[in-house]
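Q: In our numbering, the protein residues as written are 1 to 216. The beta-carbon is built from N, C-alpha and C at its ideal position, and this holds for glycine as well. Treat the numbers as computed from the prediction; the structure is a model and nothing was measured.
(1) On the DSSP bridge list, what partners appear for residue 157?
(2) Check each candidate in 63, 174, 156 and name the one with the smallest Cα separation from residue 185.
(3) Let's test the definition: count the other Cβ atoms within 10 Å of the Cβ of residue 132 and tell me whether it reaches 16, buried, or not, exposed.
(4) Specify, as a first and last residue, the run of the alpha helix (DSSP H) that residue 166 falls within.
(5) Leaving out five residues before and five after residue 217 in sequence, what residues of the same chain have Cβ atoms less than 7 Å from its Cβ?
(6) Pop quiz: residue 161 and residue 99 are said to be a contact at Cβ under 8 Å. What is the actual Cβ separation, rounded to whole angstroms?
(7) CA-CA distance, residue 19 and residue 11?
(8) Quick one: residues in its chain with C-beta nearer than 6 Å to the C-beta of residue 158, no 5 flanking neighbours on either side, listed in chain order?
(9) Taking only the alpha-carbon atoms, compute the straight-line gap between residue 93 and residue 174 and give it to the nearest angstrom.
(10) With C-beta atoms as the reference, is residue 176 less than 8 Å away from residue 101?
(11) To the nearest angstrom, how far is it from the Cα of residue 87 to the Cα of residue 163?
(12) Helix, strand or coil for residue 51, going by three-state DSSP, please let me know.
(13) Assign residue 134 to one of two classes, buried (16 or more other C-beta atoms within 10 Å of its C-beta) or exposed (fewer than that).
(14) If I'm right that residue 180 touches residue 209 with Cβ under 8 Å, what's the distance once you round it to whole angstroms?
(15) By the three-class DSSP mapping on this structure, what secondary structure does residue 69 have?
(16) Going by the DSSP bridge assignment, what does residue 188 pair with across the sheet?
(17) Just the Cα atoms here: how many angstroms apart are residue 172 and residue 55?
So this is what it looks like as structure tokens:
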């Protein structure tokens, strides 16, 4: 008696199950491979960022020292700077005046108040001296001094023009909306003079403008 043979559909089912398992395994492998590739790319990107950041991390102590130095310098400079809103208006007026007098403007630079710097230097000297009854008396007298109702703004103006345009600028400066004093003026030739034209001059003017408290 011959052994019983398995029906054909059994082999078909086994074959289909094997194919399904192979396809499912391939999809699972492809999915994991894609995730692994994405993770590797992310890792390389993070490594690149780390390589770029490492020099900055190494410079951190230097940057902190520079920041501390800038804070110290700002603390010294800030009290001497004008704090009122009139300064931009004053700068624009000076710029317009330079153009109206046919001069070429090279620069307008508001400066720390020279008076405040002198007062601060004098105060530093007093603080460094030994205390005495005389010094205490001077301090009490200084404390009783009345507060002035105005502020002063120191501005350096650099311009180019001829002798006559410079004179015209100074004349117009006397009629300026705010009281202005010229503390210092430096004039030098800006180029080789020619007989046919007035020589060009470079002029540096240090002026002091007096404005009321708050720039009103």
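A: So, from the listed chains and residues:
(1) The partner list for residue 157 (beta bridge, DSSP) reads 108, 205.
(2) Here the closest residue by C-alpha is 156.
(3) Since pLDDT at residue 132 reaches only 49, below the 50 mark, its modelled position is unreliable, and the value read off the structure follows with that caveat. Looking at its Cβ environment, which holds fewer than 16 other Cβ atoms inside 10 Å, residue 132 is exposed.
(4) Counting along the chain, the unbroken alpha helix (DSSP H) around residue 166 starts and ends at 163–174.
(5) Here the chain covers residues 1 to 216 and nothing more, so residue 217 does not appear.
(6) That pair is no contact at about 11 Å.
(7) Distance between the alpha carbons of residue 19 and residue 11 is about 12 Å.
(8) Taken in chain order, the residues that qualify are 106, 107, 204.
(9) When rounded, the distance between both Cα atoms is 13 Å.
(10) No, the pair does not count as a contact, with Cβ atoms beyond the cut-off.
(11) A straight line joining the alpha-carbon of residue 87 with that of residue 163 spans about 28 Å.
(12) DSSP places residue 51 within a helical segment (H, G or I) once states are collapsed to three.
(13) Unreliable positioning characterises residue 134 in this predicted model, as indicated by a pLDDT of 49, which lies under 50. A coordinate reading is not provided.
(14) Correct: roughly 5 Å between the Cβ atoms.
(15) Annotated three-state conformation of residue 69 is helix, per DSSP.
(16) Per DSSP, 202.
(17) Computed Cα separation, rounded: 56 Å.
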